[in-house]
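Visitor:
Residue numbers (the numbering used here), protein chains in the order written: chain F, 19 to 527; chain C, 376 to 730.
Structure, rendered in structure tokens:
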């Protein structure tokens, strides 16, 4: 199977290719885009923007909803295959990828169990099918016409002290870019959900797939094109690290994922938003700490869902008391999660496509555990070492580390498997200790603590109540606000009426 | 342009050249202080070397010597009193590696000019060089090339040492701004002067072509080198950057070797094979784990350079590159090096092709 480049919708076969082993003698060959090729395409990005601008946003949202079903259930074009014929001639034909084919291929490359691939598919489907809700959440309820004419009218807030038609507020938003470049990871297919609203918002997207997941972004793009989106609106560029840099720095806006080092690398570029290490946490309030046993399933889910690979998995639990009891009970539950074959329905742990990564993580944890103040509580409940080989793969088994010292190197870190620390500290000290945190689930009903949480500048997403950190509400932005990243509000004064200046072909009848 | 020699005759000519050059550098009447002093500690007599294979008695030349030694210690006695140029290698930081020279660059670039004939780079056209000038051999070489083809040469400098430092410091944004600054200047010259030929690096060439159609601006020939060029990259440069309308001469070279010309390719062929300016320089593809062994044809190995001119003798220097050993061809009846890339680039991070 060959996965060529899509250059604003046009297929392009590169001379530089990477072969990826799908097992059973099957190979997926990605075509590598040289960085200059991406910049060259950006010279024509106005054509892509114009193609999206010609379609009402409401129609695009409808296409996206239709694409959701195609993504989940359809046989979609995914590159091409070649077949040798008589006389050594080679014929080629489109490769139609079924959902099952997608699940198996992605699992083979990423080592995600089939069950998790299907769960990620469901999340992506939800992001696509609920795109109106998602965009409504990002725009705080503005109608989609804002993307057609840049203008909309909303009722003035009651606090403005105005009433009647004269109090309506006209808003003007303009796009800050004509392209969004996204450099995607391989470990979590559902992060593709983040860029999905962009083409509905009429911003063309240029995607660099992760090396081990060339399939997900392409499947979404093909579903969108099949549903009606103009193909010019999409670029798909398997490329090198340098190509990734080019994509991010050359597009008007860029999104990437990575470690603290990635965040630092791009910090000089305000046009690039980096989704760094999540370090998501559960904070148990004084008022609920004694009820910890009720929340044990939520703790287990938060640490282990999606194989513990997501930035929204819990990596640290802070509690004012009962640390040892919670740790022992949680460790016992986590230790029950064991390696299973990738196609097993209950499989939750992911193997490592690159065993060296697993060895590095295992070595780092073992090394830090030699430093006083931390204990691997799961060690006493699981059979064998943390790193095991099973079903022809290397696994890291779930690990819960209880820390007596919040400064211990294992107390506030994150790894790509079900790993968490648990630290005991007074509620009053928690917010001063969490540092930058993507998701906080605060198990509390204490109004004073909630008030402090709401004003904390360290928390990106806040769940109030005993909810898992991986909980998703589609009307709430995940990390940053894509609409505010791609659009900017301009003050507009004078007697304007949105309908009167909207292009006639976009006016709703 | 094809060569009249057979591979066997070329090998014989190389052996004869080796005898001449080794005698030149190791004879007290003509040799340089550095090699005459080295000869004292060799466990063989260099004057007894008869063939290229005899050079394998030398250990690999350590280019750190070019940082430590006074370049004047490489002046052959026969050239004593003649003014000379001091050239420095490309992007090195700290104490630079230096090589002295007199006419080698003219010899190399005259041969290059003759190889391509009068039309590939139009005779009489003016040139623009966009790239590292300063203390580099290339700056004089390109001007010589332009002059012998009847044109003048304009220059836009790019300091690769600063670019490397910026990248090392994580200053990607500043590195990008510096590149823009260089391209701004080059675009200005092309717009306001009659330029027909360009020398630049492929990356700068790409950036320049994002500003304007080089074909429409009157560029007819481009000579480029200095970074890895995969087949895809060559195809992209020829089809899109040069719009299929401009002659393209990719080369492999450096201050220590001169320049290796790429052999002519069939339509649709994008893999590059470079051939050293033999007998003045010899490139071998050797087994990285046993550098006495030459790799089989079509296998990757490390690039080893031996430079054999009256101005400079450098035996068996291991380049920081690897390449595929390729067969001799009509144009060059000696081995070529194909698809050059940084040594072990698959296993470590390399900052290369920064400009």
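All C-beta atoms in this analysis are idealised placements derived from N, C-alpha and C, irrespective of residue type, glycine included.
On a predicted model such as this, the values are computed, not experimentally measured, just so you know.
Under 9 Å between beta-carbons, which chain C residues line up against residue 267 of chain F? List them in chain order, please.
Guide: Within 9 Å Cβ-Cβ: 547, 548 and 551.
Visitor: Taking the beta carbon of residue 377 of chain C as the centre, do at least 16 other beta carbons fall within 10 Å, making it buried, or is it exposed?
Guide: Residue 377 of chain C should be labelled exposed.
Visitor: List, in order along the chain, the chain C residues whose C-beta lies closer than 9 Å to that of residue 286 of chain F?
Guide: Those are 545, 546, 547, 548 and 549, listed as they occur along chain C.
Visitor: At 3 residues or longer, and completely inside the segment 581–641 of chain C: list those beta strand (DSSP E) runs for me, N to C.
Guide: Whole beta strand (DSSP E) segments, 3+ residues: 596–600, 622–629 and 633–637.
Visitor: Using a Cβ-Cβ cut-off of 6 Å (strictly less than) and excluding sequence neighbours within five positions of residue 138 of chain F, which residues of its own chain qualify?
Guide: Hits under 6 Å: 207 and 208.
Visitor: Less than 7 Å between C-beta atoms, sequence neighbours within five positions excluded: which residues of the same chain meet that for residue 381 of chain C?
Guide: Same-chain partners within the cutoff: 708.
Visitor: CA-CA distance, residue 503 of chain C and residue 573 of chain C?
Guide: The alpha-carbon atoms of residue 503 of chain C and residue 573 of chain C are separated by roughly 5 Å.
Visitor: How far does the alpha helix (DSSP H) with residue 667 of chain C in it extend, from its first residue to its last?
Guide: From DSSP, residue 667 of chain C is part of no alpha helix (DSSP H) but of the beta strand (DSSP E) over 665–669.
Visitor: What does a CB cutoff of less than 6 Å around residue 148 of chain F pick up in its chain, not counting 5 residues either side in sequence?
Guide: Cβ neighbours of residue 148 of chain F beyond the five flanking positions: 492.
Visitor: Along chain F, in chain order, which residues have C-beta atoms closer than 8 Å to that of residue 645 of chain C?
Guide: Result: 33.
Visitor: Measuring alpha carbon to alpha carbon, tell me which residue in C:648, C:666 and C:688 is nearest residue 632 of chain C.
Guide: Minimum Cα distance to residue 632 of chain C is reached at C:688.
Visitor: So if I threshold CB-CB distances at 8 Å, which residues from the segment 593–605 of chain C count as touching chain F?
Guide: So the list reads 605, given in the order they occur along the chain.
Visitor: So which residues on chain C does residue 337 of chain F lean against when the C-beta distance must stay under 7 Å?
Guide: In chain order: nothing, as chain C lies at least about 38 Å away.
Visitor: Cβ closer than 7 Å: which chain F residues qualify as neighbours of residue 702 of chain C?
Guide: In chain order: nothing, as chain F lies at least about 21 Å away.
Visitor: Just to confirm before moving on: does the CB-CB distance between residue 211 of chain F and residue 142 of chain F stay below 8 Å?
Guide: Closer than 8 Å, so yes.
Visitor: Helix, strand or coil for residue 535 of chain C per DSSP?
Guide: Here residue 535 of chain C sits in helix by DSSP.
Visitor: Using DSSP with H/G/I as helix, E/B as strand and the rest coil, what is residue 449 of chain C?
Guide: If DSSP states are grouped into helix, strand and coil, residue 449 of chain C belongs with the helices.
Visitor: State the Cα-Cα distance for the pair residue 725 of chain C and residue 717 of chain C, rounded to the nearest angstrom.
Guide: Confidence is the limiting factor: at residue 725 of chain C the pLDDT is only 40, short of 50, which leaves the residue's position unreliable and the question unanswerable from this model.
Visitor: Using the beta-carbon of each residue, which ones in chain F are nearer than 7 Å to residue 611 of chain C?
Guide: Correct list: 52, 54 and 55.
Visitor: Which runs of the alpha helix (DSSP H), 4 residues or longer, sit entirely within the segment 392–424 of chain C?
Guide: Counting only runs of 4 or more, we get 408–416.
Visitor: Could you tell me the distance, in whole angstroms, from the CA atom of residue 257 of chain F to the CA atom of residue 595 of chain C?
Guide: One C-alpha to the other measures close to 31 Å.
Visitor: For the alpha helix (DSSP H) that residue 521 of chain C lies in, which residues bound it at each end?
Guide: Run containing residue 521 of chain C: 512–523, per the alpha helix (DSSP H) assignment.
Visitor: Using three-state DSSP, classify residue 292 of chain F as helix, strand or coil.
Guide: Three-state result, residue 292 of chain F: strand.
Visitor: In chain order, what residues of the same chain lie with their CB nearer than 6 Å to the CB of residue 76 of chain F, ignoring the 5 residues before and after it?
Guide: Same-chain partners within the cutoff: 162.
Visitor: Counting only runs of 3+ residues fully inside the segment 468–509 of chain F, write out the beta strand (DSSP E) ranges in chain order.
Guide: Taking only runs of at least 3 residues, the beta strand (DSSP E) segments lying wholly in the segment 468–509 of chain F are 477–482 and 505–508.
Visitor: Quick check: residue 216 of chain F and residue 88 of chain F, are their CB atoms within less than 8 Å of each other?
Guide: No, these two residues do not count as a Cβ contact at 8 Å.
Visitor: Could you tell me which of F:22, F:154 and F:294 sits nearest to residue 500 of chain F, measuring between CA atoms?
Guide: Out of F:22, F:154 and F:294, F:154 has the C-alpha closest to the C-alpha of residue 500 of chain F.
Visitor: Could you pull the DSSP bridge partners for residue 442 of chain F from this structure?
Guide: Partner(s): F:337.
Visitor: Which residue wins for smallest C-alpha separation from residue 635 of chain C, given the options C:643, C:642 and C:626?
Guide: Considering only alpha carbons, the answer is C:626.
Visitor: Any beta carbon from chain C within less than 8 Å of residue 283 of chain F's own beta carbon?
Guide: Output row for residue 283 of chain F: interface = yes.
Visitor: So the candidates are F:56, F:110 and F:188; which of them puts its Cα closest to the Cα of residue 510 of chain F?
Guide: Cα-wise, what sits closest to residue 510 of chain F is F:188.
Visitor: Whose Cβ in chain C lies nearer than 9 Å to the Cβ of residue 61 of chain F?
Guide: The answer, in chain order, is 585.
Visitor: Does any residue of chain C have a CB that is nearer than 8 Å to the CB of residue 58 of chain F?
Guide: Yes, residue 58 of chain F lies at the interface with chain C (some Cβ there is under 8 Å from its Cβ).
Visitor: Could you tell me the boundaries of the alpha helix (DSSP H) in which residue 481 of chain C lies?
Guide: Looking at the DSSP string, the run of the alpha helix (DSSP H) that includes residue 481 of chain C is 479–495.
Visitor: Look up residue 89 of chain F in the DSSP assignment and say whether it is helix, strand or coil.
Guide: Of the three classes helix, strand and coil, the one that applies to residue 89 of chain F here is helix, per DSSP.
Visitor: Closer than 7 Å by C-beta to residue 51 of chain F: which residues in its own chain qualify, once you throw out the five before and the five after it? Chain order, please.
Guide: Here the set comprises 23, 32, 255, 256, 257 and 261.
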